[in-house]
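Protein chains: 2
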Amino acid sequence: MIDVGSLDRGAPAPLHEQLAHSLRASILAGRVTSGEAVPSTRALAADLGLARGTVVSAYEILTGEGYLTARPGGGTVVAEIVRPSEPRSLPAVAAAPEPAPAVIDLRPGRPGTAGIVDAAWRSAWRRASALEVAADVADVLGEPALRRQIAAHLGRTRGLDVAPDDVIVTAGTSDAMLLTVLALEPRGARLRIGIENPGYPRVRHLLGRVGVEAVPIAVRLGAGLDLDDIEARDDLDAMIVTPHHHYPLGSRLDAAARARLLAWAARTGAVVVEDDYDSEFPHGRVPLPPLHLLDPANVVLIGSLSKVLTPALRCGWIVATGAWREHLAAARADLDPSVSQVQQQALALYLGDGALARHTARRRRDYRHRRRLMLEAFAGVEGVTLTATDGGLHAVVLLPGSAREAETRVVAALAARGIVVAPLAGYAVPGTETELPPGLVFGYAEPSTPALMRAVETIIATARAATS
Amino acid sequence: MIDVGSLDRGAPAPLHEQLAHSLRASILAGRVTSGEAVPSTRALAADLGLARGTVVSAYEILTGEGYLTARPGGGTVVAEIVRPSEPRSLPAVAAAPEPAPAVIDLRPGRPGTAGIVDAAWRSAWRRASALEVAADVADVLGEPALRRQIAAHLGRTRGLDVAPDDVIVTAGTSDAMLLTVLALEPRGARLRIGIENPGYPRVRHLLGRVGVEAVPIAVRLGAGLDLDDIEARDDLDAMIVTPHHHYPLGSRLDAAARARLLAWAARTGAVVVEDDYDSEFPHGRVPLPPLHLLDPANVVLIGSLSKVLTPALRCGWIVATGAWREHLAAARADLDPSVSQVQQQALALYLGDGALARHTARRRRDYRHRRRLMLEAFAGVEGVTLTATDGGLHAVVLLPGSAREAETRVVAALAARGIVVAPLAGYAVPGTETELPPGLVFGYAEPSTPALMRAVETIIATARAATS
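First to last, the protein sequences are chains A and B.
Quick note on numbering: this note's numbering labels position 318 of the first sequence as 318, and the sequence is numbered without any gaps.
Remember, this note's numbering sits 468 above the position in the second sequence when you count from 1.
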């Protein structure tokens, strides 16, 4: 039996969110059970005296969260879910061995992919695969149609006024980083590039692989990127930063820090590589404009579809102007382009149809909802702090005290319970782990909301137990 | 009026080729004109007392060559073609300026793409785009389904018995080369890799871009790769070769040369990188087995879909076993994979359906036919030699004499007539051009057969005029 409680038209939360909240509570309380049909949107809207669109929106939220699911043949039913409060002490029917817990994969970088494969998606690929294939790559920098769509996307989402000619299509962020690094002319015996520490480990691996000296620049909890350290150096060919939502600690460069970074770049001739990896998902604060907008000549911007769609697509871009664009184009010609014509055309159609914008809006609502649930879950938990939540689709849990062993213990204990998270130490340049407090990094986008919240409860309990 | 002349059941050429030859002659002689309908296959088969399949095959050949075209709504008509023998001395109707000649692009590396976009192609993409998308790359070495299909493809086309686990999916040959180079551990201060001279210029550019010293090893007309030079060196980390059909000169390593190359690699610890770029199209000689088959431990094989489908797809592979496979897998993990999940699944379905094998068989017939026409056109032409025709989809024209300026003059004169070919000097390591005879490299796969044959006539005339 569905019980929607009372909805309050005067409350700050919109009616569809209130309705979703009530329905979710009914499901979690077991008042409706897995497989049970919920009323049609039309019937429930009539029952409650609501606009049908309100009920549709509420059902969409719950479907996105994994509480409801469409039944083949029509209708909507309560999904098969494991409740966080499921009693563990039921008498065993037989002496069967305890089943291994289902793994909840919270490794960062895994976006929610529900809803990607819809009519617009399939139509884009169908139309792209019906086009003539070219006998060679027409444009080494990318299909003009896709470069136009990426430019328009960056205009909408990042306020950038980019010419399609200044967009280079890449096979994701790593390909973009590789291309940028190989476009640099070293001033010393070999390239020397500043990286954030802690930071995205792949950048460090990639630089090592091509023989670049990676110079770690500290990013500290609370204080952010160490600009004093950067300003003291004039031997860097480039500095790679995540200025909008540091990966993984979540800080961002404020206006003063941005000005200092750009002034340093202009003074020393280093290029700033702006890894704009998750700005499509701001939560809780207004996003700042890209560094590239402030100083196009000295900033190369890198972005991708890995967070808004999935890294499995291997598609991203570089935005660069003037001399940088020419250096990058020359490097691309030497290395050959990396993205298939069919995929580029399909994505151009998908973006052109507005489908990416719609999918991103749905994901944004979903991620904000998840974030709110997590903030609620962590509120008042003593000694365990949730941070880095002001954007994107990952968060950081800081463990109590400063004993680094606590981190290892908690990660292992969670793994034993089927919950996969990343230790914060994995983001540090080896040898500098002790500069970091013990913590966990986890992605909150991909599992169903019930699974996520079950995992969050376990994380909190494990963190408290292992460190008390 | 179609005049098929007489067909000879006892002749070595199969009936459908004889029929295609007669029909082609009718079209070229102007006995049937552009837009005119040809009889239905059923009617012509009945008229001539042939199996209908024979007529279907003949029409397919002529459609592939561009002489016939399907009419929207059904039926087949003579295509709009420019005849090589078209008279140039018709009285001008008005004093209109001479129109710029239509460009015939004979740059090497452009395969024939007619027939790729068929029902099987569209179905593969449609099915792939209906599959769930993963939240992350499932396997950095490539989708298991595609790796299985590539292994099966190499079994069929190259006699290789490869485990799918030993296949790594790449974004074409350049990505494969880059990955291989970055997987190498230099024995000296920096990597030193042998390359063929002349050879594929992209390899040289790519090596330069990643700071590798490229050591040119001479390939001479007639004599082939200079194995004495290779055997005198023990300082190479790798040697990149095109052993089956040297690019661009067309020689191949015979059994003795293969044995010497592999013995050298085993002795010095260098890896042989086997660029197996066009072996799907042997003409006029039986292909030799891959070097990888002879010595899997010391040979890394690189192949791609660029010649059998199109380079615009950016898809290829590396085959490597044992320690090499591990080095390559580590490099791939550092650099991130480069090919989209959707594309990999679509290609797996396309190969699995047998569609690639069918397309390759059609192209092979078409290319062999083109090659025969070219050999006929060049037969008896004094001073101008066609070579490198024993496989693939490019050929080399050697100009008379040894004056290198002749090459520049002929390339420019052809460009003025709308025919784009590559000068042989462009394949030489800069500074070594004088070791090459003057010549042209051109691809014969992509333009329609009538356009190709018109271009070939012009090439012959221009080469003779410019060098007489």
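Positions of the beta carbon are idealized from the N, C-alpha and C atoms, including for glycine.
Taken through DSSP and simplified to helix, strand or coil, Asp744 (chain B) comes out as coil. Taking the CA atoms as reference points, Ala514 (chain B) sits about 50 Å from Val635 (chain B). Contact between Pro716 (chain B) and Val888 (chain B) is ruled out by a C-beta separation of about 15 Å, above the 8 Å threshold. Near chain B, meaning a CB-to-CB distance below 8 Å, the residues of the stretch 126-146 of chain A are Arg126, Ala128, Ser129, Ala130, Leu131, Glu132, Val133, Ala134, Ala135, Asp136, Val137 and Ala138. By the neighbour-count definition (other C-beta atoms within 10 Å, threshold 16), Ser402 (chain A) is an exposed residue. Under a 10 Å Cβ-count criterion, Thr434 (chain A) is classified as exposed, with fewer than 16 other Cβ atoms of the shown protein chains found around its own Cβ. For Arg660 (chain B), there are no C-beta contacts with chain A under 9 Å, since the nearest C-beta of that chain is about 14 Å from it. Closer than 7 Å to the CB of Leu650 (chain B) there is at least one CB belonging to chain A. Judged by DSSP secondary structure, Arg409 (chain A) falls outside any beta strand (DSSP E) and instead within the alpha helix (DSSP H) spanning Arg404 to Ala416. The straight-line gap separating the alpha-carbon atoms of Val55 (chain A) and Ala263 (chain A) is approximately 52 Å. Secondary structure at Thr509 (chain B): helix, using DSSP grouped into helix, strand and coil. For Leu301 (chain A), the enclosing beta strand (DSSP E) has its first and last residue at Val299 to Ser304.
Taking 7 Å as the cut-off, the Cβ atoms of His245 (chain A) and Arg368 (chain A) do not count as close.
The closest CA to that of Arg464 (chain A), considering only A:Ala102, A:Ser448, A:Glu231 and A:Glu407, is found on A:Glu407. Interface criterion not met: the Cβ of Asp278 (chain A) is under 7 Å from no Cβ in chain B.
At a cut-off of 7 Å, the C-beta of Ser494 (chain B) has no neighbouring C-beta in chain A.
Each residue's CA atom was taken as its position, placing Leu773 (chain B) and Ala163 (chain A) some 33 Å apart. With distances taken between CA atoms, Pro666 (chain B) lies nearest to B:Gly907 out of B:Ala929, B:Met921 and B:Gly907. CA-CA distance, Leu154 (chain A) to Asp295 (chain A), rounds to 16 Å. A distance below 7 Å separates the beta carbons of Ala466 (chain A) and Val410 (chain A). Between Pro779 (chain B) and the set A:Val300, A:Ala451 and A:Asp336, the nearest pair of CA atoms involves A:Asp336.
Neighbours of Gln809 (chain B) in chain A, taken as residues at a C-beta separation under 7 Å, are given in chain order as Ala312 and Leu313. Between Arg655 (chain B) and chain A, the shortest Cβ-Cβ separation is not below 7 Å. When C-beta atoms of the stretch 487-497 of chain B are compared with those of the stretch 526-545 of chain B, three or more pairs fall below 8 Å, so the two segments count as touching. Under the Cβ distance rule, Ala639 (chain B) counts among the residues neighbouring chain A, one pair being separated by less than 7 Å.
Considered as a whole, the stretch 96-159 of chain A harbours 119-130 and 144-158 as its complete alpha helix (DSSP H) runs of no fewer than 4 residues, in chain order. DSSP places Leu536 (chain B) in no alpha helix (DSSP H) but in the uninterrupted beta strand (DSSP E) bounded by Leu536 to Ala538. In terms of beta-carbon proximity, Arg52 (chain A) stays away from the interface with chain B, with every pair separated by 7 Å or more. Counted as a single uninterrupted DSSP element, the beta strand (DSSP E) harbouring Arg688 (chain B) occupies residues Glu681 to Arg688. In the DSSP assignment, His292 (chain A) falls within the alpha helix (DSSP H) that extends over Leu291 to Leu294. One thing to note: Ala596 (chain B) has its Cβ no nearer than 7 Å to the Cβ of Val739 (chain B).
Boundaries of the beta strand (DSSP E) around Arg660 (chain B): Arg660 to Asn665. Any Cβ of chain B closer than 7 Å to the Cβ of Ser448 (chain A) would place that residue at the interface, and such an atom is absent. For His862 (chain B), the enclosing beta strand (DSSP E) begins and ends at His862 to Leu866. Shown in chain order are the members of the stretch 677-694 of chain B whose Cβ falls below 9 Å from a Cβ of chain A: Arg677, Val678 and Gly679.
When B:Ile786, B:Asp722 and B:Gly679 are compared, the shortest CA-CA separation from Asp744 (chain B) is found for B:Ile786.
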